Amino acid sequence: MICRPAHAVGFAAICAISGTCMLWTFTNASTTAFGLLNLLLYTSVYTPLKRVTIANTWVGSIDYTLLFIHSIGAIPPLMGWSACSGGSLEAGAWLMAALLYAWQFPHFNALSWNLRQEYSRAGYRMMAVTDPGMLKLL
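Given below as structure tokens:
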């Protein structure tokens with residue numbers, strides 16, 4: 001075993017706490033709130049839904065961050081706008097979030113097609129596994 005579950009949970013907790021503290025210290029309250037919302041959606045809603053329903057992609061498109069390394073989705077641009085503007089969100093912020101939310105579906109569905117066997121083996125309910133015909137229409 002490369003990493004014990006307790007070590008993984010400990011590392012995740014340290015990253016979540018330190019990341020939240022950094023956002024609070026270096027940005028503002030609304031950016032920190034978006035960061036916490038992103039963390040909550042990703043860990044408590046999106047990830048568990050992967051084994052239940054293809055609707056996980058809709059939730060993932062709101063906050064999808066690929067473990068916070070590659071930010072894609074609606075919340076990260078709202079965080080950036082909020083951090084730069086002192087906490088206010090103008091129409092441009094919401095437009096950017098809407099564009100990235102909409103873009104996530106063709107982007108993820110194309111990537112998931114190549115990984116459909118792995119998703120199937122892991123028990124993930126992705127459209128590429130549950131309804132490949134529908135995926136081709138998108």
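Heads up, the final residue of the sequence shown is numbered 138 in the UniProt record's numbering, and it's a clean run with no missing numbers. Glycine residues also receive a C-beta, built at the ideal position from the N, C-alpha and C atoms. Keep in mind it's a predicted model, so treat the numbers as computed, not measured.
My guess is that L78 and A97 are in contact by the Cβ rule of under 8 Å, so how many angstroms apart are they, rounded?
-> Rounded to the nearest angstrom, the Cβ distance from L78 to A97 is 5 Å, consistent with a contact under 8 Å.
Mind checking T31: buried by the 16 CB within 10 Å criterion, or exposed?
-> Under this definition T31 is a buried residue.
Close-in-space but distant-in-sequence residues of the same chain around W113 (CB under 7 Å, 5 per side omitted) = Only A128 and L135 meet the Cβ criterion.
Note down, in chain order, each residue of its chain lying with its Cβ closer than 7 Å to the Cβ of L89, except the 5 sequence neighbours on either side.
-> Result list for L89: L78, W81 and S82, in chain order.
Leaving out five residues on either side along the sequence, give the residues of the same chain with a beta carbon under 7 Å from the beta carbon of F34.
-> Only I75, L78, M79 and S82 meet the Cβ criterion.
Looking at L99 and F63, is the spacing between their C-beta atoms short of 8 Å?
-> Just to set this straight, residue 63 is Asp in the shown sequence, not Phe. Taking 8 Å as the Cβ cut-off, D63 and L99 do not qualify as a contacting pair.
Span of the alpha helix (DSSP H), counted from its first residue to its last, around T32 = For T32, the enclosing alpha helix (DSSP H) has its first and last residue at A29 to L40.
Going straight from the alpha carbon of S120 to that of F108, what length do you get?
-> Using only the alpha carbons, I get a separation of about 16 Å.
Which two residues bound the contiguous alpha helix (DSSP H) that contains K136?
-> P132 to L137 is the extent of the alpha helix (DSSP H) around K136.
Spatially closest choice to L49 from G19, M126 and L115, by CA coordinates = M126 is the residue among G19, M126 and L115 whose C-alpha sits nearest the C-alpha of L49.
Burial state of A12, where buried means 16 or more other Cβ atoms lie within 10 Å = So A12 counts as exposed.
Option in L39, P5, G60 and R51 with minimal Cα separation from I17 = In terms of Cα proximity to I17, the closest of L39, P5, G60 and R51 is L39.
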